[in-house]
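>
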Amino acid sequence: MIDYRLNLLSPHSHLFEVELTIQNPDPDGQVVYLPAWIRGSYLIRDYARHIVLIEANANGQQLTLNKLDKQSWQIEPVNQPLTLNYQVYAWELTVRSAHFDNTHAYFNGPALFLAVRGQELMPCRLEILAPQIMPLKQWRVAFSMKPESIDDQGFGTYQADDYEALIDCPGEIGDYSESQFEVAGCNHRFVVSGVKRFDHENLCLHLARICEKQVELFGDLPVQDYLFMLRVVEDGYGGLEHKNSTSLIFPRDDLPAQRDRKISSGYRRLLALCSHEYFHLWNVKRITPKAFLQQNTQQEVYTRQLWVFEGITSYYDELILVRSGVISKQDYFEMLAETVTRVMRGSGRHKQTLEESSFDVWTKFYKQDENAPNAIVSYYAKGALFALLLDLTIRLQSKGRFSLDQVMREMWLRYGKPGKGVPENGLETVVADVTSLDLQSLFDLGLRSTEELPLAECFSEFGVEMKLLPAKSFDDRGGVVGDKEREQQPFTGIGAKWTNKNSGIKVQQVFDDGAAQKAGISAGDEIVAVDGLRMNAKQFENYILDSEAGSDIEVHLFRRGHLMNLLLQPQLAAFDTCYFDLTEPSDEEVKQRQSDWLMGHG
Numbered sequence: 005m006i007d008y009r010l011n012l013l014s015p016h017s018h019l020f021e022v023e024l025t026i027q028n029p030d031p032d033g034q035v036v037y038l039p040a041w042i043r044g045s046y047l048i049r050d051y052a053r054h055i056v057l058i059e060a061n062a063n064g065q066q067l068t069l070n071k072l073d074k075q076s077w078q079i080e081p082v083n084q085p086l087t088l089n090y091q092v093y094a095w096e097l098t099v100r101s102a103h104f105d106n107t108h109a110y111f112n113g114p115a116l117f118l119a120v121r122g123q124e125l126m127p128c129r130l131e132i133l134a135p136q137i138m139p140l141k142q143w144r145v146a147f148s149m150k151p152e153s154i155d156d157q158g159f160g161t162y163q164a165d166d167y168e169a170l171i172d173c174p175g176e177i178g179d180y181s182e183s184q185f186e187v188a189g190c191n192h193r194f195v196v197s198g199v200k201r202f203d204h205e206n207l208c209l210h211l212a213r214i215c216e217k218q219v220e221l222f223g224d225l226p227v228q229d230y231l232f233m234l235r236v237v238e239d240g241y242g243g244l245e246h247k248n249s250t251s252l253i254f255p256r257d258d259l260p261a262q263r264d265r266k267i268s269s270g271y272r273r274l275l276a277l278c279s280h281e282y283f284h285l286w287n288v289k290r291i292t293p294k295a296f297l298q299q300n301t302q303q304e305v306y307t308r309q310l311w312v313f314e315g316i317t318s319y320y321d322e323l324i325l326v327r328s329g330v331i332s333k334q335d336y337f338e339m340l341a342e343t344v345t346r347v348m349r350g351s352g353r354h355k356q357t358l359e360e361s362s363f364d365v366w367t368k369f370y371k372q373d374e375n376a377p378n379a380i381v382s383y384y385a386k387g388a389l390f391a392l393l394l395d396l397t398i399r400l401q402s403k404g405r406f407s408l409d410q411v412m413r414e415m416w417l418r419y420g421k422p423g424k425g426v427p428e429n430g431l432e433t434v435v436a437d438v439t440s441l442d443l444q445s446l447f448d449l450g451l452r453s454t455e456e457l458p459l460a461e462c463f464s465e466f467g468v469e470m471k472l473l474p475a476k477s478f479d480d481r482g483g484v485v486g487d488k489e490r491e492q493q494p495f496t497g498i499g500a501k502w503t504n505k506n507s508g509i510k511v512q513q514v515f516d517d518g519a520a521q522k523a524g525i526s527a528g529d530e531i532v533a534v535d536g537l538r539m540n541a542k543q544f545e546n547y548i549l550d551s552e553a554g555s556d557i558e559v560h561l562f563r564r565g566h567l568m569n570l571l572l573q574p575q576l577a578a579f580d581t582c583y584f585d586l587t588e589p590s591d592e593e594v595k596q597r598q599s600d601w602l603m604g605h606g
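Here the sequence shown is numbered in our numbering, starting from 5 and rising by one per residue.
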């Protein structure tokens, strides 16, 4: 047994204190290390940089620690149990890290708990000490690890089967609110910190229906309990999956208000986030790439199939919302239109394939810069569109006998349930085995080329008309239209994003072949005058909208301290904004095909 003890040392200095006891250390000198990344988030984060003090002793005698690299230490050889004590600075408020102040404490295992090299498969015990000062003394623990001996507030000891299980259970400690619901005989807890008033009851009713639909899709639920942990902030968004829990961060203004039964676009986004992370309970945490089965979080692990795990999950996270009846068909297509628009507005889709996006995640997707839309494609967004195309193609070519649902169920039975890793061509093999269809050309097109996906043609077979139109405004992300709204006049734009900075305008991104790029404007430029006038970001936007395409606009800007004078010529918006026409199909066969897809039949 490897023993850990976690103490909330100081909310003002944001310090956790961890005590690690090793009963049988390596006689040649025990090595301990902290992971460099956390599963589900593919970026080297170097958690060890937050350790501010570390020491070791055996039987009261101080031991020498030799740092081997950025995240590993070796303790001098001893033939008796040894103890390490170390402090960790926790001030990063994300779902991937640790945060501690006088409002709450949150932690992810990779950010706190040192691994004992050679003993990673040993069972672990974690004791969370109850704080002795007010108001921390009144806090409670929300934790998904198996309890061994805990008090009413959740403080005490927990057990994990091994080190991987230990670091796969994030914890929230504080004065949170909690509600519960049941799915498939399994208790689900929803813990919320950072806000007091919102519609817990309605959220749980919606989540129960969403979770039930996912259990129905896969056929069974591989956990005895599940924990949603939501941290509400002023501005932030994210989620991270774990084997029987998830951590979420979300803006407070988009939470459902009490006694307000409307499904706002912001609340839709929260439900989709919860749906996404819950789907990962199967797809990623158990149906997982073969490469991820190795216990290696000290360096990058590569796969070309992240689109399978994030793209397919992103496809289902919104589809499940309409299948469960939580949102309407129009709501679903509004969300889908935003995804299509997001992909179409990035020229990176012409330069990077889905497999390349998956493989290069460590250096590109998680390290996006101002040029990202011009250089990369999201394996989430385009992966979701390819998953949709795959699902509709299977349904069409098999005449409704098969769908992506059966494929995912087989992926669960073949790989997830027995704990076998998915080989690089695993999904393609399962599709062929389940459907008996030859879809090699579709996979080559969608995964290994940068050709456009034939979405519009496929949608038409399901009674949905998809059109790419010019945006109506800077905020236009697409949606659903009727016949009268189908045609619209394009507005003028410059192919860039900007924001306010001091008394001027800061250019954030410049897109390929746009007016800004053609004029020589670059990301980071500070625009100080437009046609001799000082403007803020909103005024600049309105000025562009009121300008005719091809007209001359004189722009004065600073680039790294140098004043420049450029000529900008706005241009008509490109046809890159997705709109769906949902006019009811007259053909009964097409109507049934659409219903089977959206309701999960076939």
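Even for Gly, the Cβ is constructed at its ideal location relative to N, Cα and C.
Taking only the alpha-carbon atoms, compute the straight-line gap between G528 and I557 and give it to the nearest angstrom.
Sequence index remark: in the sequence shown, residue 528 carries index 524 (1-based). Sequence index remark: in the sequence shown, residue 557 carries index 553 (1-based). Computed Cα separation, rounded: 19 Å.
> Expressed to the nearest angstrom, what Euclidean distance is found between the alpha-carbon atoms of L24 and N63?
Counted from its first residue, the sequence shown places residue 24 at position 20. Counted from its first residue, the sequence shown places residue 63 at position 59. Between L24 and N63, the C-alpha separation is close to 14 Å.
> Report the three-state DSSP secondary structure of I498 (helix, strand or coil).
Walking along the sequence shown from the start, residue 498 turns up at place 494. Coil.
> Since E176 sits in a beta bridge, which residues does DSSP pair it with?
Taking the sequence shown and counting its residues from 1, one reaches residue 176 at position 172. The partner list for E176 (beta bridge, DSSP) reads Y110 and A146.
> Is the segment 353-368 touching the segment 287-307, taking contact as three or more C-beta pairs under 8 Å?
These segments touch.
> What three-state label does DSSP hand R490 in the structure shown?
In the sequence shown, residue 490 corresponds to position 486, counting from 1. Caution is warranted here: a pLDDT of 49 is assigned to R490, below 50, making its placement in the model unreliable, and no coordinate value can be reported.
> Please state whether DSSP places F562 in a helix, a strand or coil.
Translated into positions along the sequence shown, residue 562 becomes position 558. Strand, per DSSP.
> Looking only at C-alpha atoms, which of F111, W286 and S268 sits nearest to Y320?
Walking along the sequence shown from the start, residue 320 turns up at place 316. When each option's Cα is compared against that of Y320, the closest is W286.
> Pick from L570, Q573, W502 and K522: whose alpha carbon is nearest that of M539?
As a working mapping, residue 539 is identified with position 535 in the sequence shown. Nearest of L570, Q573, W502 and K522 to M539, Cα basis: W502.
> With a CB to CB cut of under 8 Å and the five nearest residues on each side skipped, what residues in its chain are close to C190?
Start at 1 with the first residue of the sequence shown, and residue 190 comes out as number 186. Counting only Cβ-Cβ distances below 8 Å, and skipping sequence neighbours, we find L225, V227, Q228, D229 and Y230.
> What's the gap between the Cα of D105 and the Cα of G240?
Against the sequence shown, residue 105 aligns to sequence position 101. Against the sequence shown, residue 240 aligns to sequence position 236. Between D105 and G240, the C-alpha separation is close to 18 Å.
> Here's the rule: buried if 16 or more other CB atoms are within 10 angstroms of the residue's CB, otherwise exposed. What is P114?
Sequence index remark: in the sequence shown, residue 114 carries index 110 (1-based). Buried: at least 16 other Cβ atoms inside 10 Å.
> By how many angstroms is the C-alpha of L277 removed from the C-alpha of S599?
On the sequence shown, residue 599 is found 595 positions in, with the first residue counted as 1. On the sequence shown, residue 277 is found 273 positions in, with the first residue counted as 1. Going by the C-alpha atoms only, they are around 24 Å apart.
> Can you check DSSP and say which residues form a bridge with Q372?
Here residue 372 is taken as the residue at index 368 of the sequence shown, counted from 1. For Q372, which the question treats as bridged, DSSP gives no partner whatsoever.
> Run through the segment 435-470 for me and flag every whole alpha helix (DSSP H) of 4 or more residues, listed as ranges in chain order.
Taking only runs of at least 4 residues, the alpha helix (DSSP H) segments lying wholly in the segment 435-470 are 444-452 and 459-464.
> Say whether the segment 352-362 touches the segment 400-409, bearing in mind that this needs 3 or more beta-carbon pairs closer than 8 Å, one atom from each stretch.
Contact between the segment 352-362 and the segment 400-409 is absent, because fewer than three Cβ pairs lie under 8 Å.
> Look up A119 in the DSSP assignment and say whether it is helix, strand or coil.
Start at 1 with the first residue of the sequence shown, and residue 119 comes out as number 115. If DSSP states are grouped into helix, strand and coil, A119 belongs with the strands.
> What separation, rounded to the nearest whole angstrom, lies between the Cα atoms of L586 and V485?
By one-based count along the sequence shown, residue 586 stands at place 582. By one-based count along the sequence shown, residue 485 stands at place 481. Using only the alpha carbons, I get a separation of about 8 Å.
> Let me know if P139 comes out buried or exposed under the rule of 16 or more other beta-carbons within 10 Å of its beta-carbon.
For the purposes of this step, residue 139 is identified with residue 135 of the sequence shown, where counting begins at 1. Exposed.
> Residues in its own chain within less than 7 Å of S249 by CB, not counting five upstream and five downstream?
On the sequence shown, position 245 is the one that residue 249 refers to. Within the same chain, S249 has close Cβ partners S148, C173, P174, Y230, L231 and M233.
> Buried or exposed, going by whether 16 or more other CB atoms sit within 10 Å of the CB of K371?
Mapped onto the sequence shown, residue 371 falls at position 367. Exposed, by the Cβ-count rule.
> Does the distance from the C-beta atom of I380 to that of G352 stay below 7 Å?
As a working note, residue 380 is residue 376 in the sequence shown. As a working note, residue 352 is residue 348 in the sequence shown. A contact, by the Cβ cut-off of 7 Å.
> Near Q78, what residues of its chain come up, given a Cβ to Cβ distance below 6 Å and the 5 sequence neighbours on each side ignored?
Against the sequence shown, residue 78 aligns to sequence position 74. So the list reads G33, V35, N70 and L72, once near-sequence residues are dropped.
> When the Cα atoms are used, what is the spatial distance from V288 to L252?
To locate residue 288, count along the sequence shown from 1; it is residue 284. To locate residue 252, count along the sequence shown from 1; it is residue 248. The alpha-carbon atoms of V288 and L252 are separated by roughly 17 Å.
> My assumption, with CB atoms under 8 Å, is that F159 sits in contact with I132. Please give the rounded CB distance.
For this step, residue 159 is matched to residue 155 along the sequence shown. For this step, residue 132 is matched to residue 128 along the sequence shown. The pair is a contact, with the Cβ atoms about 5 Å apart (cut-off 8 Å).
> Taking the beta carbon of L12 as the centre, do at least 16 other beta carbons fall within 10 Å, making it buried, or is it exposed?
Taking the sequence shown and counting its residues from 1, one reaches residue 12 at position 8. Label assigned to L12: buried.
> Do you know offhand how far D30's Cα is from E80's?
Along the sequence shown, read from residue 1 onward, the residue named residue 30 stands at position 26. Along the sequence shown, read from residue 1 onward, the residue named residue 80 stands at position 76. One C-alpha to the other measures close to 10 Å.
> Once DSSP output is grouped into helix, strand and coil, what is the label at W41?
Locating residue 41 in the sequence shown gives position 37, where the first residue counts as 1. Reduced to three states, the DSSP call for W41 is coil.
> Using DSSP's beta-bridge definition, name the partner residues of S183.
For the purposes of this step, residue 183 is taken as the residue at position 179 of the sequence shown. In DSSP, S183 forms a bridge with F194.
> Pick out whichever of V120, I6 and C215 has its Cα sitting closest to the Cα of T161.
Position 157 of the sequence shown, counted from the first residue, corresponds to residue 161. For the residues V120, I6 and C215, the minimum Cα distance to T161 belongs to I6.
> At a cut of 8 Å, does the segment 431-446 reach the segment 540-550 through at least three beta carbon pairs?
Output reads no: the segment 540-550 does not touch the segment 431-446.
> Please go through the same chain and pick out, in chain order, the residues whose beta-carbon is closer than 8 Å to the beta-carbon of L19, but skip the five residues on each side of it.
On the sequence shown, position 15 is the one that residue 19 refers to. Only L13, V56, Q91, V92, Y93, A94 and F104 meet the Cβ criterion.
> Who are the Cβ neighbours of Q157 in its own chain at under 6 Å, not counting the five residues just before and after it?
As a working note, residue 157 is residue 153 in the sequence shown. Hits under 6 Å: R144.
> How many angstroms separate the CA atom of F466 from the CA atom of P293?
As a first step, residue 466 must be located in the sequence shown, where it is residue number 462. As a first step, residue 293 must be located in the sequence shown, where it is residue number 289. Going by the C-alpha atoms only, they are around 32 Å apart.
> Can you list, in chain order, the residues of its chain whose CB lies under 6 Å from that of L570, leaving out five sequence neighbours each side?
As a working mapping, residue 570 is identified with position 566 in the sequence shown. Correct list, in chain order: A523, G524 and V559.
> If you follow the alpha helix (DSSP H) that S14 is part of, which residue opens it and which one closes it?
Mapped onto the sequence shown, residue 14 falls at position 10. Segment I6 to S14 is the beta strand (DSSP E) holding S14; no alpha helix (DSSP H) there.
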